[in-house]
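Engineer: Residue numbers (our numbering): 177 to 573. Glycine residues also receive a C-beta, built at the ideal position from the N, C-alpha and C atoms. Structure below; questions to follow.
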Ligand SMILES: C[S@@+](CC[C@H](N)C(=O)[O-])C[C@H]1O[C@@H](n2cnc3c(N)ncnc32)[C@H](O)[C@@H]1O
């Protein structure tokens with residue numbers, strides 16, 4: 177009888193052969209731990225799928241061979257964020273000359289920290305040279321590391337405490353995040369709005385999560401002709417500008433909280449304009465063709481999701497479209513492990529930040545029906561290179 181580990185092992189061998197052939201045929205560099213190794217392998221989408229399947233098999237094999245006890249204890253001393261956070265906080269990357277070298281002693285001097293402590297932390301990252309190089313070159317990655325440290329890691333530690341204190345887990349003011357931050361604010365967004373730098377960093381790092389996805393291509397905006405789109409909770413308009421640039425006939429109004437728009441220093445440009453609006457209040461732009469909400473509902477418990485949808489009703493006309501762009505969680509165990517973990521990671525982060533969630537298709541339909549039966553569920557359009565889909569609703573009174 178063949179061992180359970182044979183299948184993932186064979187998949188890894190076959191997949192790596194496919195990858196190596198592709199890289200050789202296209203004269204592309206091979207993956208490496210070297211500081212100058214490629215940060216992005218530039219693969220075709222087909223070979224990317226093969227690599228995803230290899231990664232999935234490596235995870236499966238790792239879990240299988242380690243067994244449940246070792247896998248659990250692996251987390252005991254799992255501290256990669258310490259490495260990235262220290263590199264970022266003490267600007268370690270900037271102290272290394274381009275194409276040159278610096279000793280651990282050189283790196284420790286300017287921030288005046290203990291050389292031995294710094295050396296040990298960087299060695300935990302198995303030399304850390306590729307991480308240092310990436311952090312030197314990529315400002316957005318620095319934002320992501322800082323946000324992961326400030327918003328994600330710190331808050332996740334208080335999850336069990338929050339559930340003990342507020343077992344219903346249904347209010348944005350009774351969450352792990354605020355407990356971890358020792359904050360008395362009404363929710364995550366109110367808390368970060370107090371610190372403009374943090375709010376700006378949050379807005380920038382949102383743009384990372386839409387990288388690769390192209391809603392301007394994947395939805396038929398052209399068929400709308402000259403129309404008005406309202407992008408609700410649209411942040412700095414990353415998505416709005418993408419759509420508006422490709423479709424100059426469309427007028428896009430981006431709405432977000434006033435303090436958030438101020439912190440993010442947004443500016444009207446071309447056919448994109450910004451408007452302060454709280455999406456729990458009645459929608460002030462009546463008669464637009466599309467109301468668009470990307471990555472909004474996963475920040476809210478169903479009872480608040482229902483309120484956001486109902487606040488649109490006074491502005492809707494028969495046939496108006498409401499587009500919700502968000503993940504649809506498939507049944508457990510259908511996705512490759514790696515993708516499932518990423519999606520469940522988002523889901524549990526939403527629980528920690530706002531007592532909110534990522535939803536299955538049935539959960540979406542229930543929430544929308546509860547808001548109002550006149551929201552007619554039209555179709556789901558999965559976006560390419562993304563975990564998200566467009567849920568298209570039509571107002572049918
Ligand atoms: C996860 S971000 C998504 C941003 C953007 N739609 C995107 O896809 O990148 C959620 C956005 O909702 C905004 N928001 C939160 N509460 C809001 C409210 N009550 N009214 C309007 N916008 C709100 C936040 O400021 C933030 O920009």
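Quick check: the Cα distance between residue 426 and residue 200, rounded to an integer number of angstroms?
Structural biologist: Looking up residue 426 in the chain shown gives position 250. Looking up residue 200 in the chain shown gives position 24. Their Cα atoms are separated by approximately 45 Å.
Engineer: Beta carbon of residue 486: closer than 8 Å to some heavy atom of ligand 1?
Structural biologist: Mapped onto the chain shown, residue 486 falls at position 310. Every heavy atom of ligand 1 is 8 Å or more from the Cβ of residue 486, so no.
Engineer: Determine the closest residue to residue 233 out of 542, 515, 572, 523, with distance taken between C-alpha atoms.
Structural biologist: As a working note, residue 233 is residue 57 in the chain shown. The candidate whose alpha carbon is nearest that of residue 233 is 515.
Engineer: Starting from residue 466, follow the beta strand (DSSP E) in both directions and report where the run begins and ends.
Structural biologist: Along the chain shown, read from residue 1 onward, the residue named residue 466 stands at position 290. It spans 466-470 - the beta strand (DSSP E) in which residue 466 sits, taken as one unbroken run.
Engineer: On the criterion of 16 or more Cβ atoms from any shown chain inside 10 Å, does residue 447 qualify as buried, or is it exposed?
Structural biologist: Start at 1 with the first residue of the chain shown, and residue 447 comes out as number 271. That one is buried.
Engineer: Please look up how many angstroms separate the CB atoms of residue 321 and residue 395, rounded, as I've assumed it's under 8 Å.
Structural biologist: Position 145 of the chain shown, counted from the first residue, corresponds to residue 321. Position 219 of the chain shown, counted from the first residue, corresponds to residue 395. Between residue 395 and residue 321 the Cβ distance is about 32 Å, and since that is not below 8 Å, they are no contact.
Engineer: If I measure Cβ to Cβ from residue 504 and keep anything under 6 Å in the same chain, skipping five residues before and after, which residues do I get?
Structural biologist: The residue you call residue 504 lines up with position 328 of the chain shown. Around residue 504: 537, 565.
Engineer: Between the region 527-537 and the region 476-492, do at least 3 Cβ pairs fall closer than 8 Å?
Structural biologist: Segments in contact, yes.
Engineer: Please check the pair residue 544 and residue 569, which I expect to be a contact at CB under 8 Å, by giving their CB distance rounded to whole angstroms.
Structural biologist: As a working mapping, residue 544 is identified with position 368 in the chain shown. As a working mapping, residue 569 is identified with position 393 in the chain shown. That belief holds up - the Cβ atoms of residue 544 and residue 569 are roughly 7 Å apart, short of 8 Å.
Engineer: Just to confirm the assignment, what range does the beta strand (DSSP E) spanning residue 551 have?
Structural biologist: Residue numbering aside, residue 551 sits at position 375 when the chain shown is read from its first letter. Its beta strand (DSSP E) spans residues 551-558.
Engineer: Our contact map puts residue 487 next to residue 455 with C-beta atoms below 8 Å; I'd like the distance itself, whole angstroms only.
Structural biologist: Counting from 1 along the chain shown, the entry for residue 487 is found at position 311. Counting from 1 along the chain shown, the entry for residue 455 is found at position 279. Their Cβ separation, rounded to whole angstroms, is 6 Å, which keeps residue 487 and residue 455 in contact under 8 Å.
Engineer: Helix, strand or coil: how does DSSP classify residue 289 here?
Structural biologist: Along the chain shown, one-based indexing puts residue 289 at 113. The answer is coil: DSSP assigns residue 289 none of H, G, I, E or B.
Engineer: Is there at least one non-hydrogen atom of ligand 1 closer than 8 Å to the beta-carbon of residue 367?
Structural biologist: In the chain shown, the residue the question calls residue 367 occupies position 191. Residue 367: no, Cβ never under 8 Å from ligand 1.
Engineer: Does the contact criterion of 3 or more C-beta pairs under 8 Å hold for the region 278-286 versus the region 340-359?
Structural biologist: Cβ pair count under 8 Å is below three, so no.
Engineer: Ligand 1 heavy atoms versus the CB of residue 453: any closer than 8 Å?
Structural biologist: By one-based count along the chain shown, residue 453 stands at place 277. Because some heavy atom of ligand 1 lies under 8 Å away, the Cβ of residue 453 counts as near it: yes.
Engineer: With a threshold of 7 Å on Cβ separation, who are the neighbours of residue 177 within its own chain once the five nearest residues in sequence on each side are excluded?
Structural biologist: The residue you call residue 177 lines up with position 1 of the chain shown. For residue 177, the predicted structure reports a pLDDT of 49, less than 50, and the residue's modelled location is therefore unreliable. A value from the coordinates is still provided. For residue 177, where only same-chain residues beyond five positions count, there are no Cβ hits under 7 Å.
Engineer: Taking the CB atoms as reference points, tell me whether residue 419 and residue 406 lie closer together than 9 Å.
Structural biologist: If you number the chain shown from 1, residue 419 lands on position 243. If you number the chain shown from 1, residue 406 lands on position 230. No. Outside cutoff.
Engineer: Determine whether the beta carbon atoms of residue 327 and residue 353 lie at a separation below 9 Å.
Structural biologist: The residue given as residue 327 occupies position 151 in the chain shown. The residue given as residue 353 occupies position 177 in the chain shown. The answer is yes: Cβ separation under 9 Å.
Engineer: List the endpoints of the continuous beta strand (DSSP E) containing residue 612.
Structural biologist: The structure shown does not extend to residue 612, since the chain spans only 177 to 573, so no value can be given for it.
Engineer: Rounded to whole angstroms, what's the CA-CA distance from residue 193 to residue 230? Just pull it up for me.
Structural biologist: Reading the chain shown from its first residue, position 17 is the one you call residue 193. Reading the chain shown from its first residue, position 54 is the one you call residue 230. Approximately 11 Å, taken between the alpha carbons.
Engineer: Straight-line CA distance for residue 551 to residue 400?
Structural biologist: Here residue 551 corresponds to residue number 375 of the chain shown, with the count starting at 1. Here residue 400 corresponds to residue number 224 of the chain shown, with the count starting at 1. Computed Cα separation, rounded: 19 Å.
Engineer: Return yes when the C-beta of residue 471 is under 8 Å from any heavy atom of ligand 1, and no when it is not.
Structural biologist: For the purposes of this step, residue 471 is taken as the residue at position 295 of the chain shown. Yes, since a heavy atom of ligand 1 falls inside the 8 Å radius drawn around the Cβ of residue 471.
Engineer: Looking at the unbroken beta strand (DSSP E) that takes in residue 450, where does it start and where does it end?
Structural biologist: As a first step, residue 450 is located in the chain shown; it is residue number 274 there, counting from the start. Taken as a continuous stretch (DSSP letters only), the beta strand (DSSP E) holding residue 450 covers 448-452.
Engineer: Looking at the strands, I want to know which residues DSSP matches up with residue 503.
Structural biologist: Walking along the chain shown from the start, residue 503 turns up at place 327. Answer is 564.
Engineer: Between the C-alpha atoms of residue 567 and residue 292, what's the straight-line distance to the nearest angstrom?
Structural biologist: Numbered from its first residue, the chain shown carries residue 567 at position 391. Numbered from its first residue, the chain shown carries residue 292 at position 116. Spanning the two alpha carbons is a distance of roughly 53 Å.
Engineer: Look at the alpha carbon of residue 391 and the alpha carbon of residue 189, and state the distance between them as a whole number of angstroms.
Structural biologist: Taking the first residue of the chain shown as position 1, residue 391 is located at position 215. Taking the first residue of the chain shown as position 1, residue 189 is located at position 13. Going from the Cα of residue 391 to the Cα of residue 189 covers about 35 Å.
Engineer: Relative to ligand 1, is the shortest distance from any of its heavy atoms to the C-beta of residue 388 smaller than 8 Å?
Structural biologist: If you number the chain shown from 1, residue 388 lands on position 212. No, ligand 1 has no heavy atom inside 8 Å of this Cβ.
Engineer: What three-state label does DSSP hand residue 118 in the structure shown?
Structural biologist: Nothing about residue 118 can be read from this structure; the chain reaches only from 177 to 573.
Engineer: What's the call for residue 318, buried or exposed, on a 16-neighbour Cβ count within 10 Å?
Structural biologist: What you label residue 318 is simply residue 142 of the chain shown in a count that begins at 1. Buried, because 16 or more other Cβ atoms sit within 10 Å of the Cβ of residue 318.
Engineer: Is residue 326 near ligand 1, with its Cβ less than 8 Å from a heavy atom?
Structural biologist: Residue numbering aside, residue 326 sits at position 150 when the chain shown is read from its first letter. No, Cβ of residue 326 sits at least 8 Å from all heavy atoms of ligand 1.
Engineer: Between which residues of its own chain and residue 257 is the CB-CB distance below 8 Å, once the five residues before and five after are set aside?
Structural biologist: As a position in the chain shown, residue 257 is number 81, starting the count at 1. The residues are 321, 324, 325, 329.
Engineer: Between the alpha carbons of residue 548 and residue 484, how many angstroms are there, rounded?
Structural biologist: For the purposes of this step, residue 548 is identified with residue 372 of the chain shown, where counting begins at 1. For the purposes of this step, residue 484 is identified with residue 308 of the chain shown, where counting begins at 1. Straight-line Cα distance between these residues: approximately 11 Å.
Engineer: Under 9 Å between the Cβ atoms of residue 482 and residue 546?
Structural biologist: Here residue 482 refers to the residue found at position 306 when the chain shown is read from its first residue. Here residue 546 refers to the residue found at position 370 when the chain shown is read from its first residue. Contact: yes.
Engineer: From the DSSP output, which residues share a beta bridge with residue 396?
Structural biologist: By one-based count along the chain shown, residue 396 stands at place 220. Note: residue 396 sits in no beta bridge, so no partner.
Engineer: Using only the heavy atoms of ligand 1, determine whether one of them is closer than 8 Å to the beta carbon of residue 319.
Structural biologist: What you label residue 319 is simply residue 143 of the chain shown in a count that begins at 1. Answer for residue 319: no, Cβ out of range of ligand 1.
Engineer: Identify every residue that forms a DSSP beta bridge with residue 431.
Structural biologist: For the purposes of this step, residue 431 is identified with residue 255 of the chain shown, where counting begins at 1. Per DSSP, 408, 451.
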